[in-house]
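Chemist: Residues in the sequence shown are numbered consecutively from 66, following our numbering.
Dumping the structure here so I can ask a few things about it.
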Amino acid sequence: MLNQHLRFNRILNPRFGQIALLALLTSISFSEAQESGKTLIKPPDAAATGTDTNNRLIVREIEVIYLPEKSSSSVDRSVILSNMRTTVGQPYSLAAVEQDIKTLYATGLFTNLRIQDEPVADGVKVVVIVKPKSIVKEVIIIGNQAIKEKALHKKIASRPGEPLSEQLVSSDGQDIQDYYLEKGFDRAEVLYDIDINDQINRAVITYTIQEGGKAFVRAIEFEGNEAVTDKELRKVMKTRIKDWLTWINKSGRMKEDQFQEDLRAIRGLYQSKGYIDVTIEDYAIQRPEADAINITITLFEGIQYSVGDVKFQENQLFDDIKLNSVTNMKPGSIFSPEGLEADKNAIRDLYGRKGYIDTRIYINREPNIQNGKMDLVYVIEENSQSFVEKIIIQGNNQTKDKVLRRELALAPGDTYDSVRADASQKRLENLGYFSKVDVSAQETSVPNRKNMVVTVEEQRTGSVTFGAGFSTVDSLLGFVELTQSNFDIANAPKFLGAGQKFRMRLQYGIKRQDALISWTEPWFLNRRISLGFDGFFNQSDFLSSEFDQRRYGGAVRVGKALNQFWSVGMRYQFENIEIFDVDSSAPIGIQEEEGERTKSSVRGNITYDTRDSPLLARSGERVTLTAEGSGGPLQGDTDTWSLKLEGSKYFSLPYDMIFSVRGVAGLTDSFGDSDNVPLFDRFFIGGSRSIRGFENRSVGPNFIDSNGVLSDEPEGGKTMGYGNLELTIPVIDRVRFATFLDGGFNNRDSFDFDVSEYSLSTGLGLRLDLPIGPLRLDLGFPIVQRDPNDGDFEFHFDVGYQF
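Here it is as structure tokens:
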């Protein structure tokens, strides 16, 4: 271990004190002579005495001395001088020297340092004496047998050639011990020693490891629990019994700090059930075998409290009936601290909606052990109503004020509604522009008036992403993507601060190439109406083995949220579509599609969405109706229309299981001068995104080849419908098991709703919520298929947690 370091303060040279005193006396004499009107002595020349016009000594030299004297320093002289206010040619200042000492210590490069001064003929010489931190020469690990040294070195941040930090050495030792714990070595100890050679100022770090036995938690037992089952208690604990997935979920590891959290969680569970007096009388951690840990926790449950009398005092604005209506803990219900806090917040919100944000609520709890009742007395100090005087926004160095103000649910002059203020804070947090948002009330000089102060800390809102992906539809591809969620098209060259959305993506793969540039203004004309533009290019080689397809064009879109659940949108798009590289043996229907054509279309949609999460919904529903028309008055070479209805509903089941139902129906046809729906506007289903267990786009009618024989090439349909039933079950954190049943039809003609030639499949899957994004793995098995040549199963790998 290193010795305690001593800090040396600046030492004032006695000879310098004499010079300073002489200069002071000279200054006084000169002043007195001026006041009396007599000239006693001529002021000394500044250059001759080494002082400035204020008689301050000038720094003529700065010398740096390293200790030990013969050691090589890890800190260059220029680094020291750059961290000092004291500089050659400037007046010498005691305050500057004190600040230099603090600044140099703050660099973390020195163990000891002091600054002293010496007089010279024309001023003062400053001597900086430093002892730099030792340089790490070597890091040695001894005592490890079960874990390779290479793996342990990865846990060590101290590196040879870098300055020694004892704090970092200690932290590295803890990281090694935690790593052993993860591997099941619950009794591992890691000691460290730092050997410093003062002659060369080099340090050798040695970690000595006592591995101990490897053991995992095999059993967790409880004694004294009657009201709560062992299963319920184990569920709130992070310490778990080892299972076959221990390498993923880290089950079976015994960590003391985590175990103490578990004991607090157990007490919290009991208190939520009304057992306020619960105590953990004892716990035992035993090792009946060399590789096994058994935990026994002994509990005293106490009695279960229910709510007795509930009274309110000093309330004038709301009567007892109104206050009772917002609380959940009624007389006779189970008492819990969590429920009490929730009721207190509900009462506070009731007053807050009326602007009584200074209301104070005090609760007296009066337990009765004999009858198990908890009487509650709410004492309410209402205070006066408040109104918003001004809204002050601070901390937004990049983001414009208007971007924040338009998200606020309050304005100057409004009643200071605390619930709406909290909602405003939540809206700002949801923007994703700020790492911290605080909305608080500030007193003003005007009675009953408060400023609403919004304080934010900005965070990075743009990103450049490089990556690669794979799916059974798109095959292997790579991409680069630039996004900025707080874009400002009018703020060159930063292009930052107006809350607009910008995205540019380039993607190149084996079977597809894509380019996209997109811009969105979410508050067009300062109203909650979104306006956006898109430019795109797409070339697809995976659609068919008989042809390739290329599409490029642009679009303008508008959208509006009608309320919390309903939204509408409209999009105009103009694009050029080309079918090319058609195989000479392709069916005549495909050969007729070869060439370029334009499409000018308008698409409108209305959406109803009550899902609790857009990524992993456990409840709610989402329904979208989309109508599209192209050609006619919109011009272009394509005259078609289509309708599509899609709906999903999610059900939350016990043990965090999720059951979902999804249905999709579509209809399309041509009109005007067109007598056929082009290949690119038909419906193709089958594959990971519609009916699993079948190849991509394989469910539906096929083309007739030139010999009048049914080919293997899908023709696509004009009337389709399919549905998905899926149940997902949590396995471990971020992993869910899935089972599904998919089915549907896809018919050649418009308005053909015949479902006799349907397809049906079932299968199993996994849902992985990985850092790179959510992934779906599915293995589907056809049950009913139109084409007897379809395979026996299909494996699907795709992006997304849910459809």
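Where is the CB? At the ideal position from N, CA and C, for every residue including glycine.
Between the C-alpha atoms of serine 489 and methionine 569, what's the straight-line distance to the nearest angstrom?
Modeler: Those two C-alpha atoms are separated by around 30 Å.
Chemist: Glutamine 867: buried (16+ other C-beta within 10 angstroms of its C-beta) or exposed?
Modeler: With 16 or more other Cβ atoms inside 10 Å of its own Cβ, glutamine 867 counts as buried.
Chemist: Quick one: what does DSSP say isoleucine 399 is sitting in, helix, strand or coil?
Modeler: strand
Chemist: Do proline 228 and glutamate 203 have their C-beta atoms closer together than 8 Å?
Modeler: no
Chemist: If I measure Cβ to Cβ from isoleucine 341 and keep anything under 6 Å in the same chain, skipping five residues before and after, which residues do I get?
Modeler: In its chain, beyond the 5 residues on either side, Tyr370 have a beta carbon closer than 6 Å to the beta carbon of isoleucine 341.
Chemist: For valine 484, does the three-state DSSP call read helix, strand or coil?
Modeler: helix
Chemist: Does the distance from the CB of phenylalanine 400 to the CB of valine 375 come in under 8 Å?
Modeler: no
Chemist: Under 8 Å Cβ to Cβ from glutamine 69, same chain only, skipping five residues before and after it: list those, please.
Modeler: Because glutamine 69 carries a pLDDT of 30, less than 50, the predicted location of this residue cannot be relied on, and the following value inherits that uncertainty. Excluding sequence neighbours, glutamine 69 sits near nothing in its chain.
Chemist: Does any heavy atom of the ligand PLP sit closer than 7 Å to the C-beta of serine 610?
Modeler: In the structure shown, the ligand PLP is absent, as is every other ligand, since no ligand is present at all.
Chemist: Rounded to the nearest angstrom, what separates alanine 486 and isoleucine 671 at their Cα positions?
Modeler: Their backbone Cα atoms lie some 30 Å apart in a straight line.
Chemist: Whole angstroms are fine: how far does the CA of aspartate 240 sit from the CA of lysine 869?
Modeler: No statement about residue 869 is possible, as the shown extent of the chain runs from 66 to 868 and does not include it.
Chemist: Could you check if threonine 151 is buried or exposed, using at least 16 other CB atoms within 10 Å of its CB as the buried criterion?
Modeler: buried
Chemist: Using the Cα positions of asparagine 290 and alanine 284, report the straight-line distance between them to the nearest angstrom.
Modeler: 16 Å
Chemist: Using a threshold of 8 Å, state whether the C-beta atoms of valine 193 and isoleucine 127 are closer than that.
Modeler: yes
Chemist: Which residue marks the beginning of the alpha helix (DSSP H) containing asparagine 389, and which one marks its end?
Modeler: For asparagine 389, the uninterrupted alpha helix (DSSP H) run begins and ends at 385-390, by DSSP.
Chemist: Reducing DSSP to helix, strand and coil, say where phenylalanine 499 ends up.
Modeler: strand
Chemist: I'd like the list of long-range same chain contacts for aspartate 258, defined as Cβ closer than 6 Å, with 5 residues on each side in sequence excluded.
Modeler: Thr271
Chemist: Rounded to whole angstroms, how far is the Cβ of asparagine 380 from the Cβ of isoleucine 445, which I believe are closer than 8 Å?
Modeler: Confirmed, about 5 Å.
Chemist: By DSSP's criteria, asparagine 393 is part of a beta bridge. Which residues make up the other side?
Modeler: DSSP output for asparagine 393 lists no bridge partner at all.
Chemist: Where does glutamate 346 land, buried or exposed, given buried means 16+ other C-beta within 10 angstroms?
Modeler: exposed
Chemist: Three or more C-beta pairs closer than 8 Å, one from the region 807-816 and one from the region 775-783: is that the case here?
Modeler: yes
Chemist: Hey, could you find the ends of the alpha helix (DSSP H) glycine 238 is sitting in?
Modeler: Its alpha helix (DSSP H) spans residues 231-247.
Chemist: Out of curiosity, what's the CA-to-CA distance linking serine 316 and leucine 840?
Modeler: 24 Å
Chemist: Per DSSP, proline 197 forms a beta bridge with which residues?
Modeler: Phe175
Chemist: Threshold first: 3 residues or longer. Then list the beta strand (DSSP E) segments lying entirely within the region 699-748, N to C.
Modeler: 705-718, 722-735
Chemist: To test your reading of the DSSP string, which unbroken alpha helix (DSSP H) runs of 4 or more residues are found completely within the region 624-704?
Modeler: Within the region 624-704, the runs of alpha helix (DSSP H) that reach at least 4 residues and sit entirely inside it are, in chain order, 653-656.
Chemist: Among the candidates Ile180, Leu132, Tyr131, whose CA atom is the shortest distance from the CA of methionine 149?
Modeler: Ile180
Chemist: For the region 299-307 and the region 320-335, state whether three or more C-beta atom pairs, one from each stretch, are separated by less than 8 Å.
Modeler: yes
Chemist: Can you tell me which residues form a DSSP beta bridge with phenylalanine 377?
Modeler: Tyr443
Chemist: Lysine 296 lies in the alpha helix (DSSP H); which residues open and close that run?
Modeler: Membership of lysine 296 in the alpha helix (DSSP H) is indicated by the continuous run 295-300.
Chemist: Taking only three categories from DSSP, how would you classify phenylalanine 531?
Modeler: In the displayed model, phenylalanine 531 falls within a strand according to three-state DSSP.
Chemist: Alpha carbon to alpha carbon, how far is tyrosine 720 from valine 667?
Modeler: 45 Å
Chemist: Check whether the region 764-774 touches the region 689-697, taking contact to mean three or more Cβ pairs, one atom from each stretch, closer than 8 Å.
Modeler: no
Chemist: CB serine 644 to CB valine 623, shorter than 8 Å?
Modeler: Before going on, a small fix: residue 644 reads as isoleucine here, not serine. No, the Cβ-Cβ distance between isoleucine 644 and valine 623 is not below 8 Å.
Chemist: Quick check on DSSP: helix, strand or coil for alanine 807?
Modeler: One point to set straight first is that residue 807 is aspartate, not alanine, in the sequence displayed. The answer is strand: DSSP assigns aspartate 807 an E or B state.
Chemist: Return the chain-ordered list of same chain residues with a C-beta closer than 6 Å to the C-beta of proline 133, the five sequence neighbours on each side being excluded.
Modeler: Same-chain partners within the cutoff: Asp263.
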